[in-house]
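Scroll down for the structure; my scribbles are underneath it.
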Amino acid sequence: MLSDVRGNGRLSVVVPCYNEQAVIATTHRRLVDVLAGLPAPDWEVLYVDDGSRDATLTLLRDIQARDPRVRVLSLSRNFGHQIAVSAGLEAAAGAAVVLIDADLQDPPELIPDMLARWRDGADVVYGERAARAGETRFKRLTASLFYRLINRISATPIPIDTGDFRLMDRRVVDAVLAMPERDRFLRGMVAWTGFRQEPIRYQRAARSAGESKYPLGRMLRFAADGLLSFSLVPLRLAVYMGLAASALALLGIVYALAMRLFTDIWVPGWTLLFIAVLFLGGVQLLALGVIGEYLGRVYWEVKRRPLYLVKERLGFDAPPEDKTA
Ligand code: UDP
Ligand code: MG
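Here is the structure:
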């Protein structure tokens, strides 16, 4: 019954691309090979050009001109991976949407399996990395630490070792699109929606060409976005530290009073005083910093700027929606 409803729907494949001129032609060929073999006759590939500064957009225009099942959404500048994916989700028409990176680290050959799971009733089928070839030990270690940390402190459990490679049912896509936040940690947002989510294990290949667009600084910011938008624990941590510091201070007071009342060596309390001042100063600054991180994010959210701006739309039949209406 379910498979009937889902069997006829369109499949959209959303591919964010930022400076991917080295791989995009290969990626497209491999995607089409897989999609052409699908039982679902109706599919579209939606490339989101995230303000590439190389020939990516030109190549995408060529690909689109040759294949009417290809759509290209070109953003007005580089908005970042998560926003590019959000733009693609918004433009996708499918009953199911697959997100896949442009660099072939995620094998398109997995799409038929994902589709089969969806037809069997799964609402989200997410790729779980069994191995990550071509990535440094450092990246693997930091990624694994990050997932362990976020799962300890996040209110929503977020699957370990997953990226954005996944298939989503229309209702999950709509739920994610209905979330107005600017800070978009998509894998967390998808996990938050619930429904039936199933992992599918795969070997993550090395990037087929070009280089990673996630240097260390960007990776750290991404990690901070994920942690702070899914957890209030860092704020609470400030409270715990404050409590601990106050408890210590209380001990200090008792000590100081005892020295004052029962001994005559109360003057040289300088060391204790010095440590207390330093310690409290440190805790306060840290707590302020944590509050500042959240406040900054609240500031971005209340501005309510559009998430992204589109420069060009190719292959979409309907005229572009008027988003200001
Ligand atoms: N990407 C993007 N905008 C950006 C950075 C990356 O659309 O600002 C795309 C990129 O083209 C690729 C995907 O996001 O398709 C993942 O990026 P990358 O492979 O560089 O990340 P990594 O796999 O190294 O974490
Ligand atoms: Mg990659």
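Take my numbering: the final residue in the sequence shown is number 336, and no numbers are missing along the way. The beta carbon of each residue, even a glycine, is placed where N, CA and C say it ideally should be.
*In angstroms with no decimal places, state the Cα-to-Cα distance between valine 26 and glutamate 120.*
On the sequence shown, position 15 is the one that residue 26 refers to. On the sequence shown, position 109 is the one that residue 120 refers to. Computed Cα separation, rounded: 15 Å.
*Less than 6 Å between the CB of aspartate 114 and some heavy atom of the ligand MG, yes or no?*
Translated into positions along the sequence shown, residue 114 becomes position 103. Indeed, a heavy atom of the ligand MG lies less than 6 Å from the Cβ.
*Mind checking whether the beta-carbon of arginine 218 lies closer than 6 Å to any heavy atom of the ligand MG?*
Along the sequence shown, read from residue 1 onward, the residue named residue 218 stands at position 207. At least one heavy atom of the ligand MG is nearer than 6 Å to the Cβ of arginine 218, so yes.
*So what does DSSP say about glycine 138, is it helix, strand or coil?*
For the purposes of this step, residue 138 is identified with residue 127 of the sequence shown, where counting begins at 1. Glycine 138 falls in the strand class under three-state DSSP.
_Would the region 141 to 158 count as touching the region 264 to 276 if we require 3 or more Cβ pairs under 8 Å?_
no
_Contacting residues, own chain, Cβ-Cβ under 7 Å from aspartate 172 (five flanking each side not counted)_ = What you label residue 172 is simply residue 161 of the sequence shown in a count that begins at 1. If we look at aspartate 172 and ignore the five residues flanking it on each side, its Cβ neighbours are Glu139, Arg140, Tyr158.
*Apart from the five residues just before and just after methionine 200, which ones in its own chain have a Cβ nearer than 7 Å to its Cβ?*
As a first step, residue 200 is located in the sequence shown; it is residue number 189 there, counting from the start. These residues qualify, in order along the chain: Val187, Met190.
_Per DSSP, what are the beta-bridge partners of tryptophan 129 in this structure?_
On the sequence shown, residue 129 is found 118 positions in, with the first residue counted as 1. In DSSP, tryptophan 129 forms no bridge with anything.
*Compute the distance between the beta-carbons of glutamate 323 and serine 85, then report whether it is under 7 Å.*
Working through the sequence shown from its first residue, we reach residue 323 at position 312. Working through the sequence shown from its first residue, we reach residue 85 at position 74. Result yes, Cβ atoms of glutamate 323 and serine 85 sit closer than 7 Å.
*For tyrosine 319, count neighbouring C-beta atoms within 10 Å of its own C-beta (all shown protein chains included) and say buried if the count is 16 or more, exposed if not.*
In the sequence shown, residue 319 corresponds to position 308, counting from 1. Looking at its Cβ environment, which holds 16 or more other Cβ atoms inside 10 Å, tyrosine 319 is buried.
*Assigned secondary structure, methionine 270 (DSSP; H/G/I helix, E/B strand, else coil)*: Counting from one through the sequence shown, the residue named residue 270 turns up at place 259. Three-state result, methionine 270: helix.
*Does DSSP classify glycine 174 as helix, strand or coil?*
Here residue 174 refers to the residue found at position 163 of the sequence shown. Of the three classes helix, strand and coil, the one that applies to glycine 174 here is strand, per DSSP.
*Among Asp44, Val184, Val301, which residue has its Cα nearest to the Cα of alanine 235?*
Taking the first residue of the sequence shown as 1, we reach residue 235 at position 224. The option with the nearest alpha carbon to alanine 235 is Val301.
_Three-way DSSP call (helix, strand, coil) for proline 27 in this model_ = As a first step, residue 27 must be located in the sequence shown, where it is residue number 16. Here proline 27 sits in strand by DSSP.
_Sub-7 Å separation of leucine 100 and valine 184 beta-carbons_ = On the sequence shown, position 89 is the one that residue 100 refers to. On the sequence shown, position 173 is the one that residue 184 refers to. Taking 7 Å as the Cβ cut-off, leucine 100 and valine 184 qualify as a contacting pair.
*Measuring alpha carbon to alpha carbon, tell me which of Arg182, Asp180, Leu197, Arg193 ends up nearest isoleucine 169.*
Taking the first residue of the sequence shown as 1, we reach residue 169 at position 158. The candidate whose alpha carbon is nearest that of isoleucine 169 is Leu197.
_Same chain only: Cβ atoms within 8 Å of glutamate 209, ignoring 5 sequence neighbours per side_ = Within the sequence shown, residue 209 is the residue found at index 198, counting from 1. Closer than 8 Å at Cβ, skipping near neighbours: Arg128, Ala133, Val135, Val136, Tyr137.
*Taking three-plus beta-carbon pairs below 8 Å as touching, is the region 45 to 61 in contact with the region 94 to 114?*
yes
_Terminal residues of the alpha helix (DSSP H) in which alanine 95 lies_ = Against the sequence shown, residue 95 aligns to sequence position 84. Counting along the chain, the alpha helix (DSSP H) containing alanine 95 begins and ends at 92 to 102.
*Could you tell me whether any non-hydrogen atom of the ligand UDP is closer than 6 Å to the CB of lysine 322?*
As a first step, residue 322 must be located in the sequence shown, where it is residue number 311. Every heavy atom of the ligand UDP is 6 Å or more from the Cβ of lysine 322, so no.
_For a test of the three-state rule: what should DSSP assign to lysine 150, helix, strand or coil?_
Locating residue 150 in the sequence shown gives position 139, where the first residue counts as 1. Note: lysine 150 maps to helix in three-state DSSP.
*Check whether the Cβ of glycine 138 sits closer than 6 Å to any heavy atom of the ligand UDP, and report yes or no.*
For the purposes of this step, residue 138 is taken as the residue at position 127 of the sequence shown. Flag unset: Cβ of glycine 138 not near the ligand UDP.
_Let me confirm a value: leucine 110 is counted as buried when at least 16 other C-beta atoms fall within 10 Å, else exposed. Which label applies?_
One-based indexing of the sequence shown puts residue 110 at position 99. Flag for leucine 110 reads buried.
*How would you call isoleucine 286, buried or exposed, if buried means at least 16 neighbouring beta carbons within 10 angstroms?*
For the purposes of this step, residue 286 is taken as the residue at position 275 of the sequence shown. The residue is exposed, with fewer than 16 neighbouring Cβ atoms inside 10 Å.
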